[in-house]
Each structure stands twice: as C-alpha cells, then as structure tokens.
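Undergrad: I have a structure here, written as structure tokens, and I will follow up with some questions on it.
Protein chains: 2
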Amino acid sequence: MSPEFRTYQDYLSSFDIKVSDLLGNFFNHLSILKLKKNNIYLSENTIPNELGFIVNGLMRSYIIDENGNERTINFFTELNYVGDYQSLISKTPTMYVFQCLENTTLIQIPYTALEEGYNQNPVLEKHGRILAEKKLSMQNNRIKTFLTQTAEQRYLSFIRKNPGLFNRISLTHLSSYLGIERQSLTRIRKKLASF
Amino acid sequence: MSPEFRTYQDYLSSFDIKVSDLLGNFFNHLSILKLKKNNIYLSENTIPNELGFIVNGLMRSYIIDENGNERTINFFTELNYVGDYQSLISKTPTMYVFQCLENTTLIQIPYTALEEGYNQNPVLEKHGRILAEKKLSMQNNRIKTFLTQTAEQRYLSFIRKNPGLFNRISLTHLSSYLGIERQSLTRIRKKLASF
DNA sequence: TTGATTTTGGCACATTTGTGTCATGCATTT
DNA sequence: AAATGCATGACACAAATGTGCCAAAATCAA
C-alpha cells in the first residue's frame, strides 16, 4: 500500500471513519486478491458480487463498440475503488471488461458487507455519499472536456492532470480514453513535438 | 407539481423517506422561487447557498468557452434537483450559468438545512447517496456516448431517451449539449430526413 | 398589426479526425 | 540468436465536423 496508508483501515480513518465505529465483522468479510498484468478482473455480461479497492497496480475498464473496437472508459489506480458499482447494487450484468494493466493487488468488499455496513453505520453511509459526489464531480469535469475542448486540448489536459499516470498507459489505451483514434493521437503528438 | 407528487414531501416519500422521520424544521427552511423564461437562476463566479428542486419548468446550465461560445452542459427538468452541487458544498464559485428555458418554479433548500438534515437523519443521508449514485450512473452513460458514438448517433440516442424533452429545446442548445456545432446538427437532421 | 429579434436551413470552404496500410523498434519467448 | 507479438510512427486518402456567411422562417415585443 502507499506510504500514506498501511491498511484499508488507515485509509478509512482518513475520512474520519473510526474502526471502532464499524462492526468488527465488516473487516472480517474482506479478502485480498492478487492479479497479474493483462488478467481480467471482471468480464462483460457477468454480475459482480464484490467492490474492489486497489492497494497497488493499475486497471482499466473498456467496452467493445459496434465496430469491434475497444474503447477505454476509465482507469483505476491505487487507493481507489474499482468495479461497476451500478451493476453491483442492481445485480445486473456489467457491460464493461476490467483488465489489469499492471500486476494489481486489491481488497475485495462483498456487496453484502457493504450493504450491512451502510445500514448499520451512518458514518459509512456518509462516506459512500461523499465518495459518490466526488466521483460525480470528476465525471462532470470529464464531460466538460468533451464539450469544450479539442482532442489536442483533452490530451494536454490529461497529461497535466495525470502526470504520474500518463507514463504508465499505452497510447492505444490513452487515445480511446480521450475519444479519438490512435493515429490521431500520434498526429497530435507529432504536431506538438514540432514546437 | 406533476400529477404524481403534490408536494416535496410526497416526492421524498417515494424514496421511503417518511416526513415523520425528518425534523420539522427541515421543511420550515424551504422556500419557493418562481422564475420566468430566460431568467438566470445562478450566475458564474457566484457561490450558491441553496440547492434547487424543480417543481415545473426547464433549465439549462452552460459555460462560455475560450472562443466565447456557450456550451450547454446539462438540462434540468421537473422533479429534479438543480444547481452546482460541488460549488454548494465546497462554498466555491461556480463556473456555470443556470438559465431558465421556460417559466420555472422551484423549491429552495438552504445548504445549512441540507447539512443539518444529513447529520440528523440517516435516511436523508441515504437518499443523498442514492441520488448521487444514480446521477453518477447517468453521467457515466453520457461519457460512454462520447467515446463510442458519432454525433449522429448521439442525436438519435438523445431523442430516443428524451422524447418529451426534445421538443422543448432549441437546436442551438441541443447541439451544444451533444458537443457539436449547430450547423452540423442541421446537416445531420437534413441527412436523416432524406430517408 | 408592424418591426425587431431569434431560430433555423443552407452552402462553400477549411480543418480536424477517421480509415487502411505499412515499416520500424522494442520487448518477450523459445 | 531467432522468432514472435505488440506498440508506435508515418502516410495518403476519405469522411466528419467546424467556420463564416446569408436568407428564410418563426417568435416575440411594441
């Protein structure tokens, strides 16, 4: 785990969630999962039972469009939750594939433990609300980039906002995350390099 | 208010939030605001103090990009919350303008009442979490349309998913919501009409 | 109603982005 | 070392979208 958080409990503590506020059996339900690069964490058309929390590593979610092309929807990094939350809570199959881009270690939180935690611990409920709101704000910003920026601007914004992530991702994956073809990103990079 | 909900209390009841579960003074803090078409509900660079809940009418939020063009970020319809939630909770100025596209009536919920409600009513906290998650799911879907669909497909998706809204919005606003220029949308519509 | 304003449709041309293809370089495996 | 599979850069051409402009139609205000 990162230097800042030695355990998941430490991470939760940073949100003012005290371990003593949680039922002991919440943590008893957690498990560790280790995956290797290119392993699939969750496949399309399956119903997830757990929410993941990445301790270290890197993952992406993608969808295959009608032309058979992979489109990267999101990247997931250390100290973030990963999974199709909507599918988890609605118990419906996900349409995304979650793939490891690096060897990844994650904590598995069963949906039952999550639900129980929400119902028995208002503090955890608040944690869930604030996380969802934070994520929502990020998604709103991403939508804004599609509405107000060119592909070149989106590329520059990405490397500015994600300086550490940028070097860990292939151009193929980054281009599909930005909503353009790989060749277009190559062209943009070439143009930028000429200045 | 719509036929289904005669009061805001009725609306909350549909989420299993019982009025008796809420402190009486939560409702005492609410107020009604009536705006006319083209009125500005919230201006850029201002800090909002209230969250709005639209009883009837229609609003949009937009941003002015670096070229001076208005870009519609979102539409807000009856029985939905409206406002820059992130600015509200962080007490920072919003970058959006909220404009009425029709005469609009809304309920104003002061941030203090919301905060107090969250802290004192776990049921309201849960309501907030579920709303944020639902909105998050919708935004994820919108991002997916930018990554996997052409402008023409996004247009067709919009009118299919929002049959009632589509006729209330000008092509100018719709095109900027879809992330294209008005002339391009005109061209797309012309092409579609020829079949 | 009239007049002003806004919305819409249309067009020519510029720019951006997509498509298909190929060659090179790099890493991994055998 | 040799062979294999990816990732990347490059290019020509096609398609989509943006830009600037104008006129007709619709809407709104006096």
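Chains X and V are the protein sequences, given in the same order.
For reference, each letter of the first sequence is one residue, going 1 to 195 in the numbering used here.
For reference, each letter of the second sequence is one residue, going 1 to 195 in the numbering used here.
Quick reminder that beta carbons are idealized off the backbone N, C-alpha and C, glycines included.
(1) Is V/D16 close to chain X, meaning its C-beta is less than 8 Å from at least one C-beta of that chain?
(2) Is it right to say X/G128 is buried, meaning 16 or more other beta carbons lie within 10 angstroms of its own, or is it exposed?
(3) Roughly how many whole angstroms lie between the Cα atoms of X/L165 and X/E102?
(4) CB-CB under 7 Å to V/Y155, same chain, minus the five flanking residues each way: which ones, in chain order?
(5) Between which two residues does the alpha helix (DSSP H) carrying V/E122 extend?
(6) Along the segment 135 to 168 of chain V, what residues have a CB closer than 7 Å to any CB found in chain X?
(7) In terms of alpha-carbon separation, which member of V/I130, V/F146, V/T105, V/G83 lies closest to V/Y111?
(8) Cβ atoms of X/R71 and X/S157: under 8 Å apart, would you say?
(9) Does the Cβ of V/Q139 have 16 or more other Cβ atoms within 10 Å, making it buried, or fewer, making it exposed?
(10) If you scan the segment 40 to 86 of chain V from start to end, which runs of the beta strand (DSSP E) of 3 or more residues do you find wholly inside it?
(11) Would you list the residues sitting across from V/I109 in a DSSP beta bridge?
(12) Tell me, please, whether the CB atom of X/R60 is closer than 8 Å to any CB atom in chain V?
(13) Out of V/L58, V/E50, V/S13, V/L51, which has the shortest C-alpha to C-alpha gap to V/R168?
(14) Whole angstroms are fine: how far does the CA of V/Q149 sit from the CA of X/Q149?
(15) Determine the closest residue to X/K135 out of V/T105, V/V123, V/Y85, with distance taken between C-alpha atoms.
(16) Does the Cβ of V/G117 have 16 or more other Cβ atoms within 10 Å, making it buried, or fewer, making it exposed?
(17) Quick one: using the 10 Å Cβ neighbour count with 16 as the cut-off for buried, is V/V7 buried or exposed?
(18) Apply the 10 Å Cβ neighbour rule to X/E125 and answer buried if 16 or more other Cβ atoms are within range, or exposed otherwise.
(19) From what residue to what residue does the beta strand (DSSP E) around X/S31 run?
(20) Since X/D208 meets chain V, which of its residues come closer than 9 Å, beta carbon to beta carbon?
(21) Tell me whether X/I107 is buried or exposed, calling it buried when 16 or more other Cβ atoms sit within 10 Å of its Cβ.
(22) Smallest Cα separation from V/S43: which of V/Q9, V/Y96, V/D65?
(23) What is the DSSP secondary structure of X/T7, counted as helix, strand or coil?
(24) DSSP on V/F98, reduced to helix/strand/coil?
(25) Compute the beta-carbon to beta-carbon distance between V/I143 and V/F53, rounded to the nearest angstrom, for a pair I have assumed lies under 8 Å.
(26) Check the Cβ-Cβ distances between V/A132 and every residue of chain X, and say whether any is below 8 Å.
(27) Beta carbon of X/T77, beta carbon of X/S87: below 8 Å?
TA: Considering the structure as presented:
(1) The sequence position of residue 16 of chain V within the second sequence is 16, counting from 1. No, no contact with chain X.
(2) As a working mapping, residue 128 of chain X is identified with position 128 in the first sequence. So X/G128 counts as buried.
(3) Position 165 of the first sequence holds residue 165 of chain X. Position 102 of the first sequence holds residue 102 of chain X. Spanning the two alpha carbons is a distance of roughly 12 Å.
(4) As a working note, residue 155 of chain V is residue 155 in the second sequence. Answer for V/Y155: L178, L185, I188, listed in chain order.
(5) For the purposes of this step, residue 122 of chain V is taken as residue 122 along the second sequence, with counting starting at 1. Checking the sequence shown, residue 122 of chain V turns out to be Pro, not Glu. First-last of the alpha helix (DSSP H) with V/P122: 122 to 148.
(6) K135, L136, S137, Q139, N140, R142, I143, K144, F146, L147, T148
(7) One-based indexing of the second sequence puts residue 111 of chain V at position 111. Looking at the Cα atoms, V/G83 is the closest of the given residues.
(8) Looking up residue 157 of chain X in the first sequence gives position 157. Looking up residue 71 of chain X in the first sequence gives position 71. Not closer than 8 Å, so no.
(9) The count along the second sequence starts at 1 and reaches residue 139 of chain V at position 139. Its Cβ being crowded by 16 or more others within 10 Å, V/Q139 is buried.
(10) Taken in chain order, the complete beta strand (DSSP E) segments of 3 or more residues contained in the segment 40 to 86 of chain V are 40 to 42, 50 to 56, 58 to 64, 70 to 77.
(11) Against the second sequence, residue 109 of chain V aligns to sequence position 109. V/I109 is bridged by DSSP to V/L51.
(12) In the first sequence, residue 60 of chain X corresponds to position 60, counting from 1. So no, X/R60 is outside the interface.
(13) Here residue 168 of chain V refers to the residue found at position 168 when the second sequence is read from its first residue. For the residues V/L58, V/E50, V/S13, V/L51, the minimum Cα distance to V/R168 belongs to V/L58.
(14) By one-based count along the first sequence, residue 149 of chain X stands at place 149. By one-based count along the second sequence, residue 149 of chain V stands at place 149. Going by the C-alpha atoms only, they are around 17 Å apart.
(15) Taking the first sequence and counting its residues from 1, the one referred to as residue 135 of chain X is at position 135. Among V/T105, V/V123, V/Y85, the Cα nearest to that of X/K135 is on V/Y85.
(16) Locating residue 117 of chain V in the second sequence gives position 117, where the first residue counts as 1. Per the 10 Å Cβ criterion, buried.
(17) As a position in the second sequence, residue 7 of chain V is number 7, starting the count at 1. Reading off the sequence, residue 7 of chain V comes out as Thr, not Val. V/T7 comes out exposed.
(18) Taking the first residue of the first sequence as position 1, residue 125 of chain X is located at position 125. In summary, X/E125 is buried, with 16 or more beta-carbon neighbours lying within 10 Å of its beta-carbon over all protein chains present.
(19) Against the first sequence, residue 31 of chain X aligns to sequence position 31. Note, X/S31: beta strand (DSSP E), 31 to 35.
(20) The first residue shown for chain X is 1 and the last is 195, placing residue 208 of chain X beyond what the model contains.
(21) As a first step, residue 107 of chain X must be located in the first sequence, where it is residue number 107. Buried, since its Cβ has 16 or more Cβ neighbours within 10 Å.
(22) As a position in the second sequence, residue 43 of chain V is number 43, starting the count at 1. Among V/Q9, V/Y96, V/D65, the Cα nearest to that of V/S43 is on V/Y96.
(23) The count along the first sequence starts at 1 and reaches residue 7 of chain X at position 7. Coil, per DSSP.
(24) Translated into positions along the second sequence, residue 98 of chain V becomes position 98. Residue state, collapsed to three classes: strand.
(25) For the purposes of this step, residue 143 of chain V is taken as the residue at position 143 of the second sequence. For the purposes of this step, residue 53 of chain V is taken as the residue at position 53 of the second sequence. The C-beta distance from V/I143 to V/F53 rounds to 25 Å, too long to meet the 8 Å contact threshold.
(26) Residue mapping note: residue 132 of chain V aligns to position 132 of the second sequence, counting from 1. By this cut-off, V/A132 is an interface position.
(27) The count along the first sequence starts at 1 and reaches residue 77 of chain X at position 77. The count along the first sequence starts at 1 and reaches residue 87 of chain X at position 87. No. Outside cutoff.
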